[in-house]
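J.:
Numbering (the working numbering), first residue to last: 1353 to 1653.
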């Protein structure tokens, strides 16, 4: 964000003083003050504040007309930087098409399996991961809905049909979200060369991956390019927190129900060879990365 440090504080002080002068001037004249901030130098980003007066052409009881220049604003309007700090909270839907995916068994916390690395137990399957992510995102100011419906039964092969029914029902009832997150865990072979964890603060943390579907063989396709851009932002934000915390974005021909809204991602949280504890340690980093990516993506729209 621009205006950090001494230069930024000095610029803000100057601008604030000029706002006061503008208000005083307006009180005694039938004019409306405008405040223009222009960069003096691209290196130090110091701004020179210039104010001018224009004839007032609107009734005081009416909403003032907008000033179209991005760098010019009426004194009663907050600055762009301040606006970015007070964004409306994001609405996020978290769900799990493969709800029963689970993690490596640990001796001190065994769970009942439906099959290898799968369980109905919501304290160990993807619902537990979604619950932790929803709680962390809520603490960051997001409005989160966590759908814990088990979509796998009666048959895993058509789980995406059932999760699409849920998504369509929510959409038809008027629900809208800034981000749709289908939270999974990846499945890999024991011989895979994929690195399972990174170390943060002396503890092992599971790695993440974002998957984007192109919907190649579907008539109704996702906006996969937009989803891919967001996926790259999430990946970059995670890896800025810890190198290699997130694997490269995977793009596949499937649709994965990512046509349901403007921003849809499938998150792979760890693998079957990670423990649940390793995954949960990474949730705070994931939540921060998601919010940072949404900040960038939605500001660009």
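Beta carbons: idealized from backbone N, C-alpha and C, even for Gly. None of these values were measured; they are calculated from a predicted model.
Return the Cβ separation of residue 1501 and residue 1478 in integer angstroms, given the expectation that the two are a contact with Cβ distance under 8 Å.
T.: That pair is no contact at about 11 Å.
J.: Residue 1492 and residue 1601 - do their beta-carbons sit closer together than 7 Å?
T.: no
J.: The alpha helix (DSSP H) spanning residue 1634 covers which residue range?
T.: 1628 to 1651
J.: Less than 7 Å between C-beta atoms, sequence neighbours within five positions excluded: which residues of the same chain meet that for residue 1458?
T.: 1627
J.: Please report the straight-line C-alpha distance between residue 1639 and residue 1543, rounded to a whole angstrom.
T.: 30 Å
J.: Taking the C-alpha atoms as reference points, what is the distance between residue 1460 and residue 1629?
T.: 12 Å
J.: Which residues in the same chain as residue 1443 place their Cβ atom closer than 6 Å to its Cβ, once the five residues preceding and following it in sequence are excluded?
T.: Excluding sequence neighbours, residue 1443 sits near 1495, 1529 and 1530.
J.: For residue 1536, which of helix, strand or coil comes out of DSSP?
T.: Strand, per DSSP.
J.: Going by beta carbon distance, what residues of the same chain come within less than 8 Å of residue 1551, once the five residues before and after it are set aside?
T.: 1557
J.: Would you report the Cα separation of residue 1450 and residue 1618, rounded to the nearest angstrom?
T.: 11 Å
J.: Can you check whether the CB of residue 1624 is closer than 7 Å to the CB of residue 1452?
T.: no
J.: Apart from the five residues on each side of it in sequence, which residues of its chain come closer than 7 Å, Cβ to Cβ, to residue 1395?
T.: Residue confidence for residue 1395 is low, a pLDDT of 35 falling below 50, so the modelled location carries little weight; the figure read from the coordinates is stated next. Nothing listed; no residue qualifies.
J.: How long is the line joining the alpha carbons of residue 1622 and residue 1489, rounded to whole angstroms?
T.: The alpha-carbon atoms of residue 1622 and residue 1489 are separated by roughly 19 Å.
J.: Comparing C-alpha positions only, which one of 1485, 1487, 1456 and 1486 sits nearest to residue 1476?
T.: 1456
J.: Helix, strand or coil: which one does DSSP assign to residue 1559?
T.: coil
J.: Unbroken beta strand (DSSP E) runs of length 3 or more, entirely within the region 1576 to 1629: which are they?
T.: 1602 to 1604 and 1616 to 1623
J.: Quick check: the Cα distance between residue 1650 and residue 1445, rounded to an integer number of angstroms?
T.: 16 Å
J.: Which value, in whole angstroms, describes the spacing of the CA atoms of residue 1561 and residue 1610?
T.: So the alpha carbons of these two residues sit roughly 16 Å apart.
J.: Can you check DSSP and say which residues form a bridge with residue 1519?
T.: Its beta-bridge partners do not exist; DSSP assigns none.
J.: Which residue or residues does DSSP assign as beta-bridge partners of residue 1549?
T.: 1558
J.: Compare the beta carbon distance of residue 1503 and residue 1515 with 7 Å and say whether it is the shorter of the two.
T.: yes
J.: Measure the Cβ-Cβ separation of residue 1613 and residue 1532 and say whether it is below 7 Å.
T.: yes
J.: Thinking just about the alpha-carbon of each residue, which of 1537, 1580 and 1573 is nearest to the one in residue 1564?
T.: For the residues 1537, 1580 and 1573, the minimum Cα distance to residue 1564 belongs to 1580.
J.: What do you get for residue 1587, buried or exposed, if any count of 16 or more other CB atoms within 10 angstroms of its CB means buried?
T.: With 16 or more other Cβ atoms within 10 Å, it is buried.
J.: If you draw a straight line from the alpha carbon of residue 1472 to that of residue 1485, how long is it in whole angstroms?
T.: 19 Å
J.: When you compare only the Cα positions, how much space is there between residue 1499 and residue 1482?
T.: Their backbone Cα atoms lie some 9 Å apart in a straight line.
J.: Taking the alpha helix (DSSP H) that residue 1464 falls in, what are its first and last residues?
T.: That residue, residue 1464, is in no alpha helix (DSSP H); it is neither H nor E in DSSP.
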